[in-house]
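Report on the structure given below.
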Amino acid sequence: SQTIHQWPATLVQPVGSPLSLECTVEGTSNPNLYWYRQAAGRGLQLLFYSVGIGQISSEVPQNLSASRPQDRQFILSSKKLLLSDSGFYLCAWGQSYSNQPQHFGDGTRLSIL
Amino acid sequence: DAKTTQPTSMDCAEGRAANLPCNHSTISGNEYVYWYRQIHSQGPQYIIHGLKNNETNEMASLIITEDRKSSTLILPHATLRDTAVYYCIVRVSGGYNKLIFGAGTRLAVHP
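Note that the protein sequences, when read in sequence, are chains A and B.
Start counting the first sequence at 3; every next residue gets the next number (my numbering).
Start counting the second sequence at 1227; every next residue gets the next number (my numbering).
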């Protein structure tokens, strides 16, 4: 069966520091991968998605970037964190051209001080 | 993708059926209805999806009206662990299958 892993579960970072969050998927090949963010008390917002290695699409302009160095690995990064980058970051996987649902990881709660 | 409208919050007594409505009056013929839920501080959990026929799985039933403009998620015997925010999402089958989340319905199950 397919599984998705995100780490770390929680992270506290100072303003201006770099960020790297990692997501990996097991049990499937060539998945679509997605990064979402949920600010406190708000809904989920799609940040990036990827349909293949090295292919990244950004949904909203922001201080973050994403990369996909391997088929089942998706990384969310920032060079300098802002206070507004605080939130709950979720990775998900799915398949293109399919009605099968996306499945989400357990998320990373990021606090910026 | 079509937009959805859900009530902001609902209450349900433990052991009773929870019926969560969703309006998607602008849905088009190739769009599916998906339901997810998010328990506090966890990632969204997939519940069920359907196109036009009613669907049932071990978690819930999905009833879609004949004109497909609305649907209802039914949790047949709600428990305290079903307290969560429930999201109804309409998505085209095809393309990159992005999900657009609304505010959802906050379901509170009480003893």
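No residue lacks a Cβ here, since even glycine has one placed at the ideal position from N, Cα and C.
What do you reckon, are the CB atoms on I1315 (chain B) and T1230 (chain B) nearer than 8 Å? Taking the first residue of the second sequence as 1, we reach residue 1315 (chain B) at position 89. Taking the first residue of the second sequence as 1, we reach residue 1230 (chain B) at position 4. Yes, the Cβ-Cβ distance between I1315 (chain B) and T1230 (chain B) is below 8 Å.
Opposite L92 (chain A) in the DSSP bridges: which residues? Counting from one through the first sequence, the residue named residue 92 (chain A) turns up at place 90. Beta-bridge annotation (DSSP): L92 (chain A) is paired with A:Y38.
Between which residues of its own chain and S113 (chain A) is the CB-CB distance below 8 Å, once the five residues before and five after are set aside? The count along the first sequence starts at 1 and reaches residue 113 (chain A) at position 111. Hits under 8 Å: T12, L13, V14, Q15 and S88.
Counting only beta-carbon atoms, is L1325 (chain B) nearer than 8 Å to chain A? On the second sequence, residue 1325 (chain B) is found 99 positions in, with the first residue counted as 1. L1325 (chain B) counts as touching chain A.
Name the residues in the segment 1258-1276 of chain B whose C-beta lies less than 7 Å from a C-beta of chain A; which are they? Y1258, Y1260, Q1268, G1269, P1270, Y1272 and H1275
Kindly indicate which three-state DSSP category R74 (chain A) falls into: helix, strand or coil? Numbered from 1 along the first sequence, position 72 holds the residue referred to as residue 74 (chain A). In the displayed model, R74 (chain A) falls within coil according to three-state DSSP, outside both helix and strand.
Beta-carbon gap between N1280 (chain B) and I1274 (chain B) smaller than 8 Å: Walking along the second sequence from the start, residue 1280 (chain B) turns up at place 54. Walking along the second sequence from the start, residue 1274 (chain B) turns up at place 48. No. Outside cutoff.
For P1247 (chain B), report the span of its beta strand (DSSP E) as first-last. The count along the second sequence starts at 1 and reaches residue 1247 (chain B) at position 21. For P1247 (chain B), the enclosing beta strand (DSSP E) begins and ends at A1244 to N1249.
So, helix, strand or coil for S1235 (chain B), using DSSP? Indexing the second sequence from 1 puts residue 1235 (chain B) at position 9. Strand, per DSSP.
Taking C-alpha atoms, which residue in B:P1337, B:F1327, B:S1287 and B:H1336 lies nearest to G45 (chain A)? Locating residue 45 (chain A) in the first sequence gives position 43, counting from the first residue. Answer by Cα proximity: B:F1327.
Under the three-state reduction of DSSP, which class applies to S1254 (chain B): helix, strand or coil? Taking the second sequence and counting its residues from 1, one reaches residue 1254 (chain B) at position 28. Coil at S1254 (chain B), not helix or strand.
Compare the Cα-Cα distances from I77 (chain A) to each of A:Y38, A:G18, A:S31 and A:Q104 and report the closest residue. As a working note, residue 77 (chain A) is residue 75 in the first sequence. With respect to the C-alpha of I77 (chain A), the residue from A:Y38, A:G18, A:S31 and A:Q104 having the closest C-alpha is A:Y38.
Using 8 Å as the cut-off, can you tell me whether the segment 1250-1270 of chain B makes contact with the segment 1291-1307 of chain B, which would need three or more C-beta pairs spanning the two stretches below that distance? yes
Is the Cβ-Cβ distance between D1237 (chain B) and A1334 (chain B) less than 8 Å? Counting from one through the second sequence, the residue named residue 1237 (chain B) turns up at place 11. Counting from one through the second sequence, the residue named residue 1334 (chain B) turns up at place 108. For D1237 (chain B) and A1334 (chain B), yes; Cβs fall inside 8 Å.
Less than 8 Å between CB atoms is the rule here; does V53 (chain A) satisfy it with respect to chain B? Walking along the first sequence from the start, residue 53 (chain A) turns up at place 51. For V53 (chain A), the answer is yes, since a Cβ of chain B falls inside 8 Å of its Cβ.
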